[in-house]
Amino acid sequence: MATNFKTTLEKLEFDFEARSGYALNIVSGSTGKLYAQIIHGAPYDVFLAADQVRPERLVQNGAADSESRFTYAHGGLALWGPSRSEVTPDTLWEIDIARFALANPDLAPYGAASLQLLERYERVELLEPKFVYGESVGQTFAFIRTGNAELGFVAASQILALPEAHRGGYWLVPRQLHDPIAQDAVLLNRGVDNPVASAFLTYLRSDDAKEIIRESGYWNAYGDWVE
Amino acid sequence: MSLPDLTALWLTARLAFVTTLVLLVFGTPLAWWLAQTRSRFKPAIEAIIALPLVLPPTVLGFYLLIAMSPNAPFGEFWMAATGDTLSFSFTGLVIGSVIYSFPFMIQPLQSAFEGPVQQAMRTAASLRASRLDAFFSVALPMSVRGFVTATVLSFAHTLGEFGVVLMVGGNIPDRTRVASIEIYENVETLNYGDAHALSLILLIISFITLFCVFLFNKRFPAHVRL
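This is the structure in structure tokens:
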């Protein structure tokens, strides 16, 4: 499972285990690393990726069941400034920002979406000298949370996982302003005969699961909106 | 090979050079003090210096990230003095690298300064040489091998630094995107061609550097007799 989904999956796990009586074993990591592990025979049954590329490639390689692949969530992007009381799109026009953090657009889908949004607002040229790149959206979050960067783009789910008092100012970016950050789930070959794996994937498509995912800061794959 | 790769390599070389220079300046007196002190704090100080050998770079990187933040006193002071954050800057990487490579400078120097060198210093003192004079004309020439080992190891170790830079660097081209980070990024984006080219260059540089130390050590005894 991709790291950005961790706290959300913990909530889903709790709900799923209470309903089904099955127990899940969760391994989290970056999508790229988990993909490499799966290719090399890691003992996983289900893969919740942070993108669509890796699950698709697993299907192509014959490592996953093509029928099972579906989009379980669309990542919600947020502009975050924990030291501010309010963050709006106008915050991007403030000139005294020392460091602006975003996930590396080459490595992370959230980073690519962030860059796309800044391009749309024509802020790249002016903000670029202040850019610092997190290796993942998780590291980007750490840069901002520790105060090393005062403003930047993170996953909405990360902010919503914080206690309200620590959130500061944030702006949930409307989903039509960037290409969707579609996150796909897929049933791996090892999990084909595992009833828990299919039960969990069925649960993941249920309305109750969708509600938990939506509340956690993701756009629902079927068009619902946050808030 | 494309140009950005060489940028990262050049940055890595500059970082390793500056780090080694800083370590020489601060490490020499400290190693000297350790070699002759009878202080009961010596084991504690030696343990602190050796910590980067055993701690994961993530621990160091995490503490540095917190210490360098403008929210922390040190980071705040730096921000006020320079108008820039210490994290994500070349200076920040130098500080991280100095801490990270500290034992690689101190330990060879300390063992070079111990034993025969201290004895020779006492002899020089009995001949009424001043301590400073004795240090430069007796101790220093006797410890050439220690200096070469310490300098080269610190340099090579900084070339290979990854974890700390990953955590406090922010991957800024020509400022904090060093060769190891560039390789990591190339691997993650399946850009294996550039990853291969850069890895091979680093491998060759590291081998030649270490080879020179061992060649040098073979020709010079541990303590040069005058």
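Going line by line, the protein sequences match chains A and B. Here the numbering used here is used: position 29 in the first sequence is 185, and no number is missing along the way. Here the numbering used here is used: position 46 in the second sequence is 61, and no number is missing along the way. The beta-carbon is built from N, C-alpha and C at its ideal position, and this holds for glycine as well. Remember, predicted model here, so these are calculated numbers, not experimental data.
Between which two residues does the alpha helix (DSSP H) containing A:Ala353 stretch?
351-360
CA-CA distance, A:Ile368 and A:Thr164?
7 Å
So B:Ala23 and B:Arg192 are in contact, right, with Cβ under 8 Å, and what is the actual spacing, rounded?
5 Å
Is the Cβ of A:Thr302 closer than 8 Å to any Cβ of chain B?
yes
Would you mind sorting A:Asp242 into buried or exposed? The rule is 16 or more other CB atoms within 10 Å of its CB.
For clarity, residue 242 of chain A is Glu in the given sequence; the question names Asp instead. Exposed.
The alpha helix (DSSP H) that contains A:Gly237, what's its start and end?
Here A:Gly237 belongs to no alpha helix (DSSP H); instead the beta strand (DSSP E) covers 233-237.
Given 8 Å, three or more beta-carbon pairs between the region 148-155 of chain B and the region 236-254 of chain A:
no
Tell me where the beta strand (DSSP E) around A:Ala341 begins and ends.
337-344
According to DSSP, is A:Tyr178 helix, strand or coil?
coil
Within chain A, partners of B:Ser84 - CB distance below 8 Å
Thr302, Gly303, Asn304
As a quick exercise: from B:Phe41, B:Phe32, B:Val179, B:Ala127, pick the residue whose alpha carbon is nearest that of B:Phe235.
B:Ala127
Is the beta carbon of B:Ala31 less than 8 Å from the beta carbon of B:Ile121?
no
Consider the Cβ of A:Ile188: report whether some Cβ of chain B lies at a distance smaller than 8 Å.
For clarity, residue 188 of chain A is Gly in the given sequence; the question names Ile instead. Answer yes: the Cβ-Cβ gap between A:Gly188 and chain B drops below 8 Å somewhere.
Excluding five sequence neighbours on each side, which residues of the same chain lie with their C-beta closer than 8 Å to the C-beta of A:Arg213?
Tyr191
With three or more C-beta pairs closer than 8 Å as the rule, is the region 175-191 of chain B touching the region 280-294 of chain A?
yes
Hey, quick one: how far does the alpha helix (DSSP H) through A:Leu271 stretch, first residue to last?
265-276
For chain A, check one thing: does any of its Cβ atoms lie closer than 8 Å to the Cβ of B:Met16?
Caution is warranted here: a pLDDT of 46 is assigned to B:Met16, below 50, making its placement in the model unreliable, and the coordinate value is therefore given only provisionally. Chain A contact via Cβ: absent.
Would you call B:Arg146 buried or exposed, if buried means 16 or more other Cβ atoms sit within 10 Å of its Cβ?
exposed
Classification of B:Ile187 by the beta-carbon crowding that lies within 10 angstroms, buried from 16 upward
buried
Return no unless some Cβ of chain A is closer than 8 Å to the Cβ of B:Glu200.
yes
Proximal chain B residues relative to A:Ala298, where beta-carbon distance stays under 9 Å:
Phe77, Leu80, Met182
So, helix, strand or coil for A:Phe309, using DSSP?
strand
For a quick check, are the C-beta atoms of A:Pro245 and A:Arg323 less than 8 Å apart?
no
Does B:Ile187 get closer than 8 Å to chain A when you measure Cβ to Cβ?
yes
Range of the contiguous alpha helix (DSSP H) that encloses B:Val109:
105-128
A:Tyr140 in three-state terms, based on DSSP
Absent from the model: residue 140 of chain A. The displayed extent of chain A is 157 to 383, so no value can be given.
Where B:Glu203 meets chain A, residues with beta-carbon distance less than 9 Å
Ser186, Gly188, Lys189, Asn260, Asp262, Leu263, Glu291
Thinking C-beta only, is A:Asp221 closer than 8 Å to A:Val310?
no
Rounded to the nearest angstrom, how far is the Cβ of B:Val163 from that of B:Val228, given a contact under 8 Å?
6 Å
Beta-carbon within less than 6 Å of A:Gln208's beta-carbon, same chain only, minus the 5 sequence neighbours each way: which residues are those?
Ala338, Asp340
Span of the alpha helix (DSSP H) holding B:Phe226?
207-234
Using only the alpha-carbon positions, how far apart do B:Leu217 and B:Thr173 sit?
12 Å
Take the Cβ of A:Thr358 as the centre, count every other Cβ of all protein chains shown within 10 Å, and call the residue buried at 16 or more, exposed below.
exposed
Verify whether the separation of the beta carbon atoms of B:Phe103 and B:Gly185 is less than 8 Å.
yes
Delimiting residues of the beta strand (DSSP E) encompassing B:Phe162:
Not the beta strand (DSSP E): B:Phe162 falls in the alpha helix (DSSP H), residues 159-174.
What does DSSP give as the partner residues of A:Phe256 in its beta bridges?
A:Phe287, A:Leu307
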